[in-house]
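Since the structure comes first, as structure tokens, the remarks are kept for the end.
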Amino acid sequence: LFPRSTDPPIQLRRYAHRRLLAGNDAERLRRTHLHLDCALSSPSDMGTFSGNGTRHVTYGNDTFTITGVQERGLLAGDQLVTVIGETCHNSDEHEMRFGCRAALDELKDQRFMAINTLWYRPFIDSWISEGCYEQVQASLGYRWALNSINATLHSGYAALASLEIQISNSGWSTAPVDKVVFLVLTSSVAGLEAPAARIRLDNLPGWVHTGRWVPRANTTIELRDVSLPREVLPAGVYYFGLEVREPFCAEAPASPACTSPTLATKFAKSETLFSWFDWDTGVNQLALSLWLP
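Numbering-wise (my numbering), the sequence shown opens with residue 269 and increments by one.
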């Protein structure tokens, strides 16, 4: 039932199903997310939540009982879930929560990553007319920015004694998958030359996976003893960069989707660290250099 970490995650119709199938298993929780197809459309979002009643969900020999209030509360406090969905029509228009206030409050609390803007249009039009449509667009999903990066060398110059990275996520959701992350060292500040070395970081002890870079918070990653491939790094100055790719790139690094610069993840502009995205390489170049003797 549960896919491999490199496969797309499962989307479930109701939050109660997520709690029943995944329980408190962290790996299963990271692989199960929600499709909410009637957001803002009624007190129960047209049956997505159990409203004022109680829902009994059965899977095999297991039964999970939950109220609508409990469902919404658990969803609001669940930092690992992402939601994709849409609004829908309700014959009782008085139950539909049009406008910016409901959208900005509820879509944020429900960790929305994407929403179908083609259906149901009256909701989308109300956001446009009230002036928050662009804010909703900018907040959906994850918005990563690099706040800081610091590195120190071992005395033998064969490894980084420490590598500390702080990342902020200003979006409404986490990433639904754990992406592959490389530290890229180049000998050109513009990143125009081929990278001298790509060092995979996401499989090292101490790494915090991208699916846990929680929304509206900072995540600090502290790595120790990061080996440097000195056989391809002669003496000189090297500039740091981070390259972020989809999970399957760990198994198929040479595939077009894993080498195309336009398919790499671009970090947002940071207020504290100067960086830029190199559209020729797909690397987020950083204002940090390292001298190797």
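Just so it is clear, CB atoms sit at the ideal spot from N, CA and C, and this is done for glycine as well. Only a predicted model underlies this, so the values are computations on that prediction, with no experimental measurement involved.
Could you pull the start and end residues of the alpha helix (DSSP H) that residue i belongs to?
i	result
Y507	Premise fails: Y507 lies in the beta strand (DSSP E), 504 to 513, not in any alpha helix (DSSP H).
T527	524 to 527
V404	401 to 407
What are the boundary residues of the beta strand (DSSP E) that includes residue i?
i	result
W395	Looking at the DSSP string, W395 is not in any beta strand (DSSP E); the run it does join, the alpha helix (DSSP H), is 389 to 398.
Q553	551 to 560
D546	543 to 546
R466	465 to 468
What are the partner residues of residue i, as DSSP defines its beta bridges?
i	result
W412	N437
S430	T420, R492
T454	Y507
A536	A413
G353	L304, I383
S359	Beta-bridge pairing links S359 to no other residue.
V449	V512
A518	DSSP output for A518 lists no bridge partner at all.
T530	Per DSSP, none; premise fails for T530.
T487	I435
Could you give the distance in angstroms between the alpha-carbon of residue i and the alpha-carbon of residue j?
i	j	result
G424	D275	40 Å
K447	E361	42 Å
V452	T540	21 Å
D293	R492	28 Å
D254	V476	Since the displayed the chain opens at 269 and closes at 561, residue 254 lies outside it and no answer follows.
A464	V404	40 Å
N437	A413	7 Å
L408	E499	43 Å
F366	D313	13 Å
Q279	A443	14 Å
T549	P390	41 Å
Q378	S538	25 Å
Y506	N552	14 Å
P483	P497	34 Å
P561	G504	7 Å
T488	I433	6 Å
T530	D546	10 Å
I392	L472	43 Å
V351	E519	27 Å
H303	V512	26 Å
P277	V349	11 Å
C526	F450	12 Å
A435	Y410	A quick correction: the sequence has Ile, not Ala, at residue 435. Roughly 12 Å between the two C-alpha positions.
W559	V325	59 Å
H285	S455	51 Å
L510	L342	34 Å
T420	A406	35 Å
H301	S318	18 Å
L375	A522	37 Å
R323	D330	14 Å
L469	Y283	33 Å
E490	C400	37 Å
A532	Q338	38 Å
P515	V445	7 Å
P524	E398	42 Å
P502	S528	27 Å
Checking contacts by CB at 9 Å: is residue i closer than that to chain D?
i	result
M314	No chain D is part of this structure, which consists of one protein chain only.
**OP:** Would you check if there are 3 or more beta carbon pairs closer than 8 Å linking the segment 332 to 339 to the segment 375 to 387?
**Re:** The segment 332 to 339 makes no contact with the segment 375 to 387, as fewer than three CB pairs between them are under 8 Å.
Original post:
At which residue ranges does the segment 274 to 343 contain complete beta strand (DSSP E) runs of 3 or more residues, listed in the order of the chain?
Top reply: Listed in chain order, they are 278 to 280, 300 to 304, 322 to 327, 330 to 335.
**OP:** Could you tell me whether the segment 296 to 312 touches the segment 344 to 357, using the rule of 3 or more Cβ pairs below 8 Å?
**Re:** The way I'd put it, the segment 296 to 312 does touch the segment 344 to 357; three or more beta-carbon pairs between them come closer than 8 Å.
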